[in-house]
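So the sequence shown is numbered by UniProt numbering: it starts at 1 and just counts up by one. Just so it is clear, CB atoms sit at the ideal spot from N, CA and C, and this is done for glycine as well. A short worksheet on the structure shown next.
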Amino acid sequence: MKKKLALLLIAVLTAAIALTACGSGPMEPKEAADVAVNTIIYNKDTDKFKDVFGEDAANLQKEIKTGFKKGFTSSLNITDGSIDDEVDKLYDTFAKRVKDVTKYTTKVTNDDKDKPTVEISVNGLDMTGVQAEMTTALQAKVKEDPSIQTDAKKAAKAMLDVYQETIAKAKVSEKAVKVKMNLESNKDQWKIKDADKFAQNLYLAFFTGTVQS
């Protein structure tokens, strides 16, 4: 009798779990925002990202790092691949410092069932202090080697060296910036509206303490 009751209980629990899974719908918006931030910024919850948003986190992270490299090398006018390794290292330094010192909170500001909005308040890296320190360090390098002013590759190398040194000890900004995450229901998943713009603003918020309007 006890065995039959135990088997019956297992059957009931199994059925209940199956029914819950089938009718659960998408994750709560606040939790979905946490998954997005943890995956995109902190390289965590990558296994959950595809379940919540239907996208491969590995591809997303690769695109983000590639975008950083292209943007940085273009800004220095050196796109021949000669500084790619150094730029990759700089990205890793940025990412590590962001993981170490930044913080965020989330708040649902529109609880519409199908099109909710989550506000992500971010205390990112304080680039104001970093820029001041970088300027001083670059001036010192130019004083040691004036040819940096006329040699593009030397200038890029000096810039990367200074970035590495200053970003590695950048402080967290005391002023929080806000990033809106607009979601759209997609059956049992969420779709991020204007996903590219959202990802860009999220990165700016964490990496530079700023957002685009």
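Distance, Pro29 Cα to Ala18 Cα
For Ala18, the predicted structure reports a pLDDT of 40, less than 50, and the residue's modelled location is therefore unreliable. The matter cannot be settled from this model.
Closest residue to Asp34 among Lys70, Gln212 and Lys107 (Cα-Cα distance)
It is Lys107 whose Cα lies nearest to the Cα of Asp34.
Any idea what DSSP makes of Lys171, helix, strand or coil?
DSSP, reduced to helix, strand and coil, places Lys171 outside both helices and strands of the structure shown, so it counts as coil.
Assuming Tyr104 and Asn123 form a contact by the criterion Cβ under 8 Å, report the distance between their Cβ atoms to the nearest whole angstrom.
Indeed they touch by this definition, with Cβ atoms about 7 Å apart.
With distances taken between CB atoms, is the gap from Leu160 to Glu86 smaller than 7 Å?
Result yes, Cβ atoms of Leu160 and Glu86 sit closer than 7 Å.
Using three-state DSSP, classify Ser82 as helix, strand or coil.
Note: Ser82 maps to coil in three-state DSSP.
What does Lys107 pair with, by DSSP beta-bridge criteria?
Partner(s): Glu119.
Work out the CA separation of Pro146 and Ala32 for me, nearest whole Å.
Each residue's alpha carbon lies about 51 Å from the other.
CA-CA distance, Phe53 and Ile192?
Roughly 8 Å between the two C-alpha positions.
Below 7 Å between beta carbons: does that hold for Val142 and Ala170?
Going by C-beta atoms, Val142 is not nearer than 7 Å to Ala170.
For Met159, three-class secondary structure by DSSP:
Reduced to three states, the DSSP call for Met159 is helix.
In angstroms, rounded to a whole number, what distance separates the CA positions of Ala205 and Asp114?
Going by the C-alpha atoms only, they are around 26 Å apart.
Thr166 vs Met127 beta-carbon contact at 7 Å:
In this structure, Thr166 sits away from Met127, with a CB-CB distance that is not shorter than 7 Å.
Classify Ser173: buried if its beta carbon has 16 or more other beta carbons within 10 angstroms, exposed otherwise.
Its Cβ being crowded by 16 or more others within 10 Å, Ser173 is buried.
Check for me: the alpha helix (DSSP H) holding residue 250 runs from which residue to which?
Nothing about residue 250 can be read from this structure; the chain reaches only from 1 to 213.
At the level of alpha carbons, what is the spacing between Gln61 and Leu138?
C-alpha of Gln61 to C-alpha of Leu138: approximately 31 Å in a straight line.
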